[in-house]
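Chemist: Residue numbers (UniProt numbering), protein chains in the order written: chain A, 1 to 417; chain B, 1 to 222.
Idealized CB from N, CA, C, for every residue including glycine.
These numbers were taken from a predicted model, which means no experiment stands behind them.
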Amino acid sequence: MMKNYIKIAFKVMLRKKYYTALSLIGISFTIMMVTVFASFIDSVIGANATEVNRNRTLIFDKVSMYKAGKETASAPSYPFIEKYVAGLESTEYVSAFTDISYVSDVNGRLQGHHLKLTDENFWKIMTFDFLEGKPFHQTEVKTGARVAVITEKAKEYFFNDQQAVGKSIAVYGNSYKVIGVVEPAVGYSKAYADIYLPLTTDTSVYSKPNEISGSYCAMLLAKTSDLKKVRTELRGRMRKIRNHVSGVDSVKAYAFTALEQFSKSSSFRDDEPEYGKTAIALIVVLILFMLIPAISLINLNLSRIGERAEEIGIRKSFGATSRAVINQLVIENIIITLVGGLVGLGLAIYASQLLVVVINSFDPLFKIPEGSLILSWRVFASSLFSCLLFGLLSGVYPAWKISRLNVIKALRGGNNL
Amino acid sequence: MIQLSNIEKVYRTKTIETIALNKVNLGINKGEFVAIMGPSGCGKSTLLNIMGLLDSPTAGTISLDGQAVTSFGDKKLANFRNKKLGFIFQSYHLINDLSVLDNVELPLLYRDGVSGSERRKRAMEALEKVGLSARMKHYPNQLSGGQRQRVAIARAIIGDPEIILADEPTGNLDSVMGEEVINILLNLNKTDGTTIVMVTHDEHMANKTQRIIRFFDGQQVN
């Protein structure tokens, strides 16, 4: 039966070229948009080759200090992280980092670089693929050794793709010895940078040892997926601060995973995230994203299927139940949607690359890597799922409507819907 | 085999009420070949559609093969049409997107437990019976009217129905083709014992059947 459905689906597609073209354009563009959107979200919140533990990596990037009921919020300082956040029992590793930028000039070629000042634990939380050399270790961080790990892209710029380890690069007037070369991380992730340096090479890092606010963030790799435990422990530590740091009544620390940061309802609460409003808003946007083209497709399908009334009448005369008719038409619609979806996925690959080119054109000095929006298997799977959903959404109503048509009326032909 | 009791069919619009069938009582025996005749608009096709469970009567009861079918739901009706009935229409009603073989296979597509190879085999046998096995890969629009009607007959008989309902099967054909088609039907009735009810305008064709039932203004007149 399925073979018959598939056969007729393709026959109808070829016979009704106008409808097919219109449907395919609508479906493929919708799927392309959904895929590019999903690809962007995935690069911001999803696990990737470098951040395999993203679901248990909390980003601590904000502290709120309260004094006489007045709140001051900022990023934490490195000494604060070192003193009050490092060594939480519920974490496997805690790593501090900050991002700065630097423009270099090599043989008259200006190039912007994203620098990440970090510590040895960064390399333990992240799983970088080292093409050359190794990461910096605790000794190098402790001593403030001027060493650097660079990406393949930076290697190409500084050394024309020749071997980089052992050679030096100049950053802000200082010479750094390259000790490792890595594959670039995903463009919109916390792992991303062009050059990684030990944070202690920043001479100002300990200039205000008792300051809570600063310009650092911390990554907290939880021992288990029980993130609540980490936050509870962190809150416990923050409560003790009152006795240690003068000048503040209380301190709140905000530590959330990338997904939590993206989807939680309020950015002003340090307790467990509530997904309520943001998640609902996101779901509504996604449904609208699919629903509006689906409604257009329903209209198109009503015309397309309506013209097949005679065929439906014939099938019912010879024993097709209304359910069999619905199944056939929905399956046909899913086939068309999948064809459109595959075209859309192909387009999405090009569109996401085009988007990177467009983004890079705004800031040619600080280009994000070309592969920043590469489709992951998760995005691919969710797009295929979207196709099925789209096929179902746009096919069920017209199929149901024609399945209820009186057989005699249907046999007379013409568009009866 | 077919028992219609007090069948009425009334078409109502906001302003007008048309009585298509008025208290029809009719019995057709197993293995009979019956022709229904009458002027256009007398209710012949409506009667055939009601017998074939394609349309429902406004009042009255239908019994087919001993079963009261008036209260059947969609699934039961579909199952009954699939197993017990075969239709032949004046305008063939073949699916143009499907090959001759696929068109003939159609009723078995909706029958549980029939494999693809079994469907194919039986479709080829049915086409053999109507002398069209050489055209199985053709599409309906590549065939003549007579050939299309033979495909329609093959489709009607593939499921071994006990009743064939033919609505002016020769109406769109010339006399030679019409003769071919009626001979196939006569042969089916004779050799397989299939009950056939045929609506026709053609007295010559009707005279070949065992009984002629005449209709006028929605009522049986003989």
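1) Can you confirm whether P107 (chain B), when its beta carbon is compared against all beta carbons of chain A, has any partner nearer than 9 Å?
2) Roughly how many angstroms lie between the CA atoms of V147 (chain A) and E140 (chain A), to the nearest whole one?
3) For the region 43-67 of chain B, which residues have a beta carbon sitting closer than 7 Å to at least one beta carbon of chain A?
4) Determine whether the Cβ of A134 (chain B) lies closer than 9 Å to any Cβ atom of chain A.
5) Considering V199 (chain B), what are the terminal residues of the alpha helix (DSSP H) in which it resides?
6) Taking the DSSP output, what are the residues bridged to C217 (chain A)?
7) Is the beta carbon of L47 (chain B) sitting closer than 9 Å to the one on L21 (chain B)?
8) Give the interface partners of L98 (chain B) over in chain A, defined as CB-CB distance under 7 Å, in chain order.
9) Reducing DSSP to helix, strand and coil, say where Q90 (chain B) ends up.
10) When the Cα of F256 (chain A) is compared with those of A:I295, A:S39, A:E82 and A:L234, which residue comes out closest?
11) Where DSSP assigns a beta bridge to A253 (chain A), which residues make up the other side?
12) Which chain A residues are close to Y110 (chain B), counting only those with a beta carbon under 9 Å from its beta carbon?
13) Quick check: residue 465 (chain A) and V330 (chain A), are their CB atoms within less than 9 Å of each other?
14) Where do the ends of the beta strand (DSSP E) carrying residue 424 (chain A) lie?
15) Given a cut-off of 9 Å, decide if I164 (chain B) and I157 (chain B) are closer than it, judged by their beta-carbon atoms.
16) Go to A348 (chain A), then tell me how far its alpha helix (DSSP H) extends in each direction, as first and last residue.
17) Just checking: is the beta-carbon of L411 (chain A) within a distance shorter than 9 Å of some beta-carbon in chain B?
18) For T57 (chain A), which residues does DSSP report across the bridge?
19) Does any C-beta atom of chain B lie closer than 9 Å to the C-beta of E311 (chain A)?
20) Looking at G187 (chain A): is its Cβ nearer than 9 Å to the Cβ of V178 (chain A)?
21) For M37 (chain B), count the other beta carbons within 10 Å of its own beta carbon; 16 or more makes it buried, fewer makes it exposed. Which is it?
22) A148 (chain A) by DSSP, collapsed to three states: which one?
23) To the nearest angstrom, how far is the alpha carbon of L115 (chain A) from that of A185 (chain A)?
24) Flag V130 (chain B) as yes when its Cβ comes closer than 8 Å to any non-hydrogen atom of the ligand MG, and as no otherwise.
25) What is the C-beta distance between N25 (chain B) and N49 (chain B), in whole angstroms, given that I count them as a contact (C-beta under 8 Å)?
26) Could you check what DSSP says for N4 (chain A) in three-state terms: helix, strand or coil?
27) Would you list the one or two residues that DSSP bridges to A170 (chain A)?
28) Taking Cβ positions only, does N141 (chain B) come closer than 9 Å to chain A?
29) Is there a Cβ of chain B sitting closer than 9 Å to that of V396 (chain A), yes or no?
30) Pull up the DSSP beta-bridge partners for D160 (chain B), would you.
31) Would you tell me roughly how many angstroms separate the C-alpha atoms of I95 (chain B) and F40 (chain A), rounded to the nearest one?
32) Throw me the rounded Cβ distance for the G395 (chain A) and S28 (chain A) pair, which I believe falls under 8 Å.
33) Mind listing, in chain order, the continuous alpha helix (DSSP H) runs of no fewer than 4 residues lying wholly within the region 29-83 of chain B?
34) Measure how close the beta-carbons of A348 (chain A) and F60 (chain A) come, nearest whole angstrom, since I'm counting them as under 8 Å.
35) Between the region 88-98 of chain A and the region 112-128 of chain A, are three or more C-beta pairs nearer than 8 Å?
36) Can you have a look at P293 (chain A) and say buried or exposed, based on whether 16 or more other CB atoms are within 10 angstroms of its CB?
Modeler: According to the data block:
1) yes
2) 8 Å
3) N49, L54 and D55
4) no
5) Element bounds for V199 (chain B): not the alpha helix (DSSP H) but the beta strand (DSSP E), T195 to V199.
6) A:F97
7) yes
8) I8
9) coil
10) A:L234
11) A:V63
12) M1, R315, F318, G319, A320, T321 and A324
13) Nothing about residue 465 (chain A) can be read from this structure; chain A reaches only from 1 to 417.
14) This structure does not reach residue 424 (chain A), given that chain A is present from 1 up to 417, and the question cannot be answered.
15) yes
16) S322 to F362
17) yes
18) A:L221
19) yes
20) no
21) buried
22) strand
23) 13 Å
24) Only the bare structure without any ligand can be found here, which leaves the ligand MG out of the picture.
25) Actually they do not touch by this definition, with Cβ atoms about 18 Å apart.
26) helix
27) A:S175
28) no
29) no
30) For D160 (chain B), which the question treats as bridged, DSSP gives no partner whatsoever.
31) 46 Å
32) In fact, because the Cβ distance is near 17 Å, the residues do not count as touching under 8 Å.
33) 44-51
34) Rounded, the Cβ-Cβ distance is 34 Å, inconsistent with contact.
35) yes
36) buried
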